[in-house]
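Shown next, in structure tokens, is the structure this report addresses.
Numbering (my numbering), first residue to last: 96 to 333.
See the structure below:
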């Protein structure tokens, strides 16, 4: 089976003084989360589309789903965790409690605040994860990346044409991800905040799928302005 995990567990501290977590803020009079969910509903491959949101916001999430006529029976809401990976594990636990996880099951995980992903990106994630077990969505780095260990001096400058910027979805064979996560120590779990990093550390290769420049993560007030410009057609969007 193929499952979607929408990661809506953040509180959006970088968005500044706003009354709601960032995933519930509107672009074009519709919550960012709803824009994202609508992209996944279009894909028939998914057995379930599971939204993981802060426990105290579950009722609000259910209310906006109803308000915006998200009545697809595949859409479920569960409580998120204290961090990104724990949120993914909560989604997997929901799957385990409702279905038997097989060797071939795949989860497509995606940031709730990336509302501009395309059907191509989703479908390529599914295909590559089924074939190879792990995949990340990336775009080529445009700017030169510099590394600083003390935040004051450059310590290295990686070769730019070897650098990529990570996006989402990140998609995995569920058993591979669960086993790789369970093998970590508590200290490693605190450090390895990215699921693909966990897979890389386990020694399993992670394939790449081409993302899109406009597949932005809406985390700051500036991002919100860009998102509104994209959806209103002021910035080209496929």
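Backbone N, C-alpha and C define an ideal beta-carbon position, used for all residues, glycine too.
Supposed close pair residue i, residue j - CB separation, criterion 8 Å
i, j, result
"residue 230", "residue 223", "4 Å"
"residue 98", "residue 190", "6 Å"
"residue 201", "residue 269", "7 Å"
"residue 273", "residue 290", "Actually they do not touch by this definition, with Cβ atoms about 11 Å apart."
"residue 288", "residue 178", "6 Å"
"residue 330", "residue 309", "7 Å"
"residue 217", "residue 135", "7 Å"
Residue interval of the alpha helix (DSSP H) (run including residue i)
i, result
"residue 214", "214-227"
"residue 315", "Residue 315 -> no alpha helix (DSSP H), and no H or E assigned at all."
"residue 158", "153-162"
"residue 241", "Here residue 241 belongs to no alpha helix (DSSP H), and DSSP marks it neither H nor E."
"residue 276", "269-277"
"residue 208", "Where residue 208 is concerned, there is no enclosing alpha helix (DSSP H), given that its DSSP letter is neither H nor E."
"residue 134", "127-136"
"residue 187", "179-193"
Terminal residues of the beta strand (DSSP E) in which residue i lies
i, result
"residue 148", "141-148"
"residue 310", "Counting along the chain, residue 310 falls outside any beta strand (DSSP E), and DSSP gives it neither H nor E."
"residue 361", "Residue 361 is absent from the structure shown; the chain starts at 96 and stops at 333."
"residue 292", "Counting along the chain, residue 292 falls outside any beta strand (DSSP E), though it belongs to the alpha helix (DSSP H) covering 290-297."
"residue 101", "97-102"
"residue 174", "170-174"
Alpha carbon of residue i to alpha carbon of residue j, nearest angstrom
i, j, result
"residue 150", "residue 235", "36 Å"
"residue 118", "residue 257", "32 Å"
"residue 386", "residue 297", "As shown, the chain starts at 96 and ends at 333. That puts residue 386 outside it, with no answer to give."
"residue 167", "residue 283", "38 Å"
"residue 307", "residue 259", "12 Å"
"residue 159", "residue 132", "12 Å"
"residue 102", "residue 262", "13 Å"
"residue 238", "residue 171", "39 Å"
"residue 304", "residue 233", "6 Å"
"residue 137", "residue 327", "21 Å"
"residue 286", "residue 175", "19 Å"
"residue 104", "residue 130", "16 Å"
"residue 143", "residue 196", "13 Å"
"residue 163", "residue 324", "22 Å"
"residue 193", "residue 243", "46 Å"
"residue 169", "residue 320", "31 Å"
"residue 213", "residue 271", "26 Å"
"residue 188", "residue 219", "25 Å"
"residue 246", "residue 205", "30 Å"
"residue 114", "residue 120", "9 Å"
"residue 125", "residue 154", "17 Å"
"residue 356", "residue 157", "Given that the chain is displayed from residue 96 to residue 333, the structure contains no residue 356 and the question cannot be resolved."
"residue 334", "residue 199", "Only positions 96 to 333 of the chain appear in this structure, which leaves residue 334 out of reach."
Neighbourhood of residue i by C-beta distance below 8 Å, restricted to the same chain and skipping five residues each side
i, result
"residue 322", "122, 127, 210, 211, 311 and 313"
Close Cβ partners of residue i (< 7 Å) along its chain, the five nearest in sequence each way excluded
i, result
"residue 276", "180, 184 and 293"
"residue 295", "301"
"residue 152", "116"
"residue 225", "201"
heavy atom of the ligand ATP below 7 Å from residue i C-beta
i, result
"residue 285", "Summarising the ligand content, the structure contains no ligands, and the ligand ATP is consequently not present."
6 Å CB neighbourhood of residue i in its chain, flanking five on each side removed
i, result
"residue 300", "none"
"residue 227", "302"
"residue 140", "97 and 221"
"residue 186", "100, 145 and 147"
"residue 182", "102, 104, 147, 175 and 176"
"residue 253", "240"
"residue 251", "242"
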